[in-house]
Amino acid sequence: NLDDYWFVEKTDANGEYEKLLPQGTYEIIVSTSTCQYVPYCIKKIVVQPDETRILDTIILQEASLLLIAKDGIVQGSVYNALDGKAIAGASIIPRSGWNNEEGVNLLEVYCYGERVVTDANGNFDITLPIGQYTLEISKDGYIIGYYNVVSRSDDGVQRMYYVLTPIMKDGEYRIILTWNSTPRDLDSHLTYYESGATTSSMHVYFSNKRGVIDGVKVAELDLDDTNGYGPETVTLTVNATILDNNAYFR
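Sequential numbering of the sequence shown, starting at 8, is according to my numbering.
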């Protein structure tokens, strides 16, 4: 019975929506009954038990623009998550739809070659048909990044900021905070609570950039950004021998 696997939900007056779903992997199609906007498809939405998934904000493109201009522009800049410096020579591959990590490389479809690379300032521009895409951004020595983007042809086109993190060592984890131009400053905080404790025994943030447990460094604020966009980056080194049972980071 396909009705057991097909669900419909409408947005409210603020464009927001909420839906209870069984555990599984879903494809979300966003459309309007009036055909005023170009439909969007978001792939590989994984729903786990007792979990709330908050998805990226979806910007719908007016369908009438397809009659005026078939192509839009995706602009971006790529930076190193550890030091905030621009990454030159990073490869950019666009694929159709959101969360699409394995689809066809559209640069080959539109005869742009196999890839687009960032310039000396980490910038890139790609002309693509109006719609939504997944960008694969990669460079040797970095973990591949996947980002959902929109190709637009109106005055709403703006350069977006992306980060790549250098490959980590065993036992390392990295928390990367990014945002838009406003506010100018957001702060990343990492705390550690021992089993049963109500107050933290470690707090990493802009005024205390290194976190130590029993004399051993376990976390460090690598980059503190105060000029908008980020990144603000914390690297966590998990050493099981010094962590309490039932202790946790937050």
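Beta carbons are placed, not taken as given, at the ideal position from N, Cα and C, and that holds for glycine.
Which one or two residues does DSSP pair with lysine 92 in a beta bridge? According to the DSSP secondary-structure assignment, lysine 92 is paired through a beta bridge with no residue.
Give the straight-line distance between the Cα atoms of valine 85 and leucine 142, rounded to the nearest whole angstrom. 12 Å
Identify every residue that forms a DSSP beta bridge with histidine 210. Thr198
Proximity of proline 101 and tyrosine 149 at Cβ, strictly below 7 Å: no
Report the residue from Leu243, Phe131, Ala20 whose alpha carbon sits nearest the alpha carbon of lysine 176. Leu243
May I ask you to verify whether the region 126-134 touches the region 42-56, counting CB pairs closer than 8 Å and requiring at least 3? no
Going by C-alpha distance, which of Pro238, Tyr33, Gly31 is nearest lysine 92? Pro238
Buried or exposed: aspartate 19, going by 16 or more other Cβ atoms within 10 Å of its Cβ? Residue environment analysis places aspartate 19 among the exposed positions, since fewer than 16 neighbouring C-beta atoms fall within 10 angstroms of its C-beta.
Tell me the DSSP secondary structure of glutamate 115 in three-state form. helix
Taking the alpha carbon of tyrosine 199 as the reference point, which residue from Asn187, Glu227, Pro173 has its own alpha carbon closest? Ranking the options by Cα distance to tyrosine 199, first place goes to Glu227.
Per DSSP, phenylalanine 131 forms a beta bridge with which residues? Gly83
Should methionine 209 and glycine 203 be called a contact, given that it needs their Cβ atoms to be closer than 7 Å? no
Expected contact under 8 Å - CB spacing of asparagine 234 and arginine 191 to nearest Å: 6 Å
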